[in-house]
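Line by line, the protein sequences give chains A and B.
Sequential numbering from 1 applies to the first sequence in the working numbering.
Sequential numbering from 1001 applies to the second sequence in the working numbering.
Protein chains: 2
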Amino acid sequence: MIHNHLDLLNKVKTDLPADELLSDLSDLFKLFGDSTRVKILFALSESEMCVCAIAELLGMTQSAISHQLRTLKDANLVASRREGKTIYYHLSDDHVRAIIGQGFEHLTEKQ
Amino acid sequence: MIHNHLDLLNKVKTDLPADELLSDLSDLFKLFGDSTRVKILFALSESEMCVCAIAELLGMTQSAISHQLRTLKDANLVASRREGKTIYYHLSDDHVRAIIGQGFEHLTEKQ
DNA sequence: CGTTCATATGACTACTTGTTCATATGATAA
DNA sequence: TTATCATATGAACAAGTAGTCATATGAACG
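In structure tokens:
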């Protein structure tokens, strides 16, 4: 410690969540920190969609979308169901909408 | 387009925000997508703190913290005030707390 | 069976980024 | 001024990652 802020440090240190929890938190936000994934999540918040529909909507490769969907699925933000050859993805959690909503509020509410 | 989902595509396409807005949104979440920055933001949500206090709290270099504070300041998530040689940082926006809170809800509310 | 459609996957590459190290700035005190 | 404290900054390096390309899987159809 350089100058004196022991009391403050102790206070904040007790309130700070465990490293692992904060790491999980940043990992969660990291998923929203890519424009392709945010677009996918936003689209899925409107409607369930199949992979090629998302790819066309975003003007991107099926492969690129598939990779991102896997990332989102591994994190349990989206889930899928199969219907013949087509696989439909949807949000697995309403928190996704809430988180995106909060972000939008920050962006749009500028005085 | 490969198989038929024109109606859905048109519907979702009109509801999807502009590319630039979604890009800004992902840029915002990107800031929360690093454990060091999340820790800093969480700490500052408890109390205003100087750089070396944050560095000690997180067990990291003053330089590393300073770099991240600059990133957060450029994004207008934190602001600073000078008091002699010391510079105190604080959250510049209550949305930061709300966003972190939403993330926590998602993490903790598991059934 | 073989073919086609929809999606998934693995390897590779180019780009981004968080930290370190050394140094600079800027304020205070002697 | 010189020294010291608190912070900022620039360059460089290592680790992570989004997209591409080629290929694999898996279901439906003839």
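Note that the Cβ used here is the ideal one computed from N, Cα and C, for glycine as well.
Between residue i and chain A, is any beta-carbon pair separated by less than 8 angstroms?
i, result
"B/A1106", "Before going on, a small fix: residue 1106 of chain B reads as His here, not Ala. Chain A contact via Cβ: present."
"B/H950", "No answer is possible for residue 950 of chain B: it lies beyond the span of chain B, which begins at 1001 and ends at 1111."
"B/D1024", "yes"
"B/I1087", "no"
"B/K1073", "no"
"B/A1064", "no"
"B/H1005", "yes"
"B/L1091", "no"
"B/M1049", "yes"
Three-state secondary structure (DSSP) at residue i?
i, result
"B/E1083", "strand"
"B/L1077", "coil"
"A/L91", "strand"
"B/Q1111", "Only weak support is given to the placement of B/Q1111: the predicted model assigns it a pLDDT of 43, under 50, and the question is left unresolved by the model."
"B/H1003", "coil"
"B/L1008", "helix"
Quick check on the DSSP output: the alpha helix (DSSP H) that includes residue i runs from which residue to which?
i, result
"A/D19", "D19 to F32"
"B/L1016", "First-last for B/L1016: undefined, no H or E at that position."
Using a C-beta cutoff of 8 angstroms, does residue i count as contacting chain B?
i, result
"A/S35", "yes"
"A/E56", "yes"
"A/L16", "yes"
"A/I40", "no"
"A/E83", "no"
"A/V78", "no"
- Query: Are at least three pairs of beta-carbons, each pair with one atom in the stretch 45 to 53 of chain A and one in the stretch 10 to 21 of chain A, less than 8 angstroms apart?
  - Reply: The stretch 45 to 53 of chain A vs the stretch 10 to 21 of chain A: no contact.
- Message: With a threshold of 8 angstroms, are at least 3 pairs of Cβ atoms found where one atom belongs to the stretch 1102 to 1111 of chain B and the other to the stretch 94 to 111 of chain A?
- Response: yes
- Task: Would you list, in sequence order, the uninterrupted alpha helix (DSSP H) runs of no fewer than 4 residues that lie entirely inside the stretch 1048 to 1078 of chain B?
- Result: For the stretch 1048 to 1078 of chain B, whole alpha helix (DSSP H) runs of length 4 or above, ordered along the chain, are 1051 to 1058 and 1062 to 1074.
- Does the stretch 29 to 37 of chain A come close enough to the stretch 1061 to 1076 of chain B that 3 or more CB-CB pairs lie under 8 angstroms? no
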